[in-house]
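Visitor:
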Amino acid sequence: MLTTTPSPSALQSASVQQAANESFVSERRFYDDKNFPKGFRRSGDFTYNEAELLEKHGVAMQALAEGRQAPRNPEESHFVEVVRGNSAPGSLLEKIWVKYVKLASGKPFYAVVGTTLVKKADAEYIDDMIDDDVQDEPELEDDQ
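Going by the UniProt record's numbering, the letters in the sequence shown line up with residues 1 to 144, in that order.
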C-alpha cells in the first residue's frame, strides 16, 4: 500500500487554517474602501491567499489592534503584542496585518520629474524677491 505524506507547505497551510479557525473569528468580511477601493485582491499588493485571509479575519484583527476586543487565546495575545511593537510578527496572519498597516498608512507619492518641494518660508522669500524685481524695473514713459 502506497502512502503519501503531505508537503511541508501543505502542513503549514493546514496549521495556519486550523489556528485561524480558532482565532480571529468574525461574522463579517473586512474591507478598506478608503485605502484599497478595488479590494485587496485587485490592489496588486497582496497575494490571493493573503487577501482571502485579510478579508476573512481582518475585522477581528482590527478590533484586537484597536483594543475593542480582548484576546481570547495565546495567538491573539501575541498578535496584540506585535501590534504594540513589543514582538516581531511570527504567524502568517500577523505578517499580513503588519503588511496591511504599512500599506494603509500611505503609499509613497512620486512627484513629476522636475518639481521640487518648497518650504513655506522659502516660498515667502521667493515671493518677496519677485515683488522686489517687479518694483525695481523702471516705468516706461509714454511719449505720445
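Cβ coordinates follow ideal geometry from the N, Cα and C atoms, glycine included.
1. Using beta-carbon positions only, say whether residue 156 and G67 come within less than 8 Å of one another.
2. Where does the unbroken alpha helix (DSSP H) through Q69 begin, and where does it stop?
3. I'd like to know if the segment 73-90 and the segment 33-49 are in contact, where contact means that at least 3 CB-CB pairs between them fall below 8 Å.
4. For V16 and L92, what's the separation of their Cα atoms in angstroms?
5. The alpha helix (DSSP H) that contains F40, what's its start and end?
6. In its own chain, which residues sit with a C-beta less than 7 Å from the C-beta of F36, not counting the 5 before and 5 after it?
7. In angstroms with no decimal places, state the Cα-to-Cα distance between K95 and D45.
8. Could you tell me the boundaries of the alpha helix (DSSP H) in which Y100 lies?
Guide: From the atom records:
1. In the structure as shown, the chain begins at 1 and stops at 144. Residue 156 is therefore absent and cannot be evaluated.
2. On the sequence shown, residue 69 is found 69 positions in, with the first residue counted as 1. Neither: Q69 is in no alpha helix (DSSP H) and is coded neither H nor E.
3. no
4. Here residue 16 is taken as the residue at index 16 of the sequence shown, counted from 1. Here residue 92 is taken as the residue at index 92 of the sequence shown, counted from 1. With a pLDDT of 48 at V16, under the threshold of 50, the modelled position of this residue cannot be trusted, and the question is left open.
5. On the sequence shown, residue 40 is found 40 positions in, with the first residue counted as 1. First-last of the alpha helix (DSSP H) with F40: F40 to S43.
6. As a working note, residue 36 is residue 36 in the sequence shown. Closer than 7 Å at the Cβ level, and outside the excluded window around F36, lie S43.
7. Position 95 of the sequence shown, counting from 1, holds the residue named residue 95. Position 45 of the sequence shown, counting from 1, holds the residue named residue 45. Going by the C-alpha atoms only, they are around 13 Å apart.
8. Working through the sequence shown from its first residue, we reach residue 100 at position 100. Counting along the chain, the alpha helix (DSSP H) containing Y100 begins and ends at L92 to A104.
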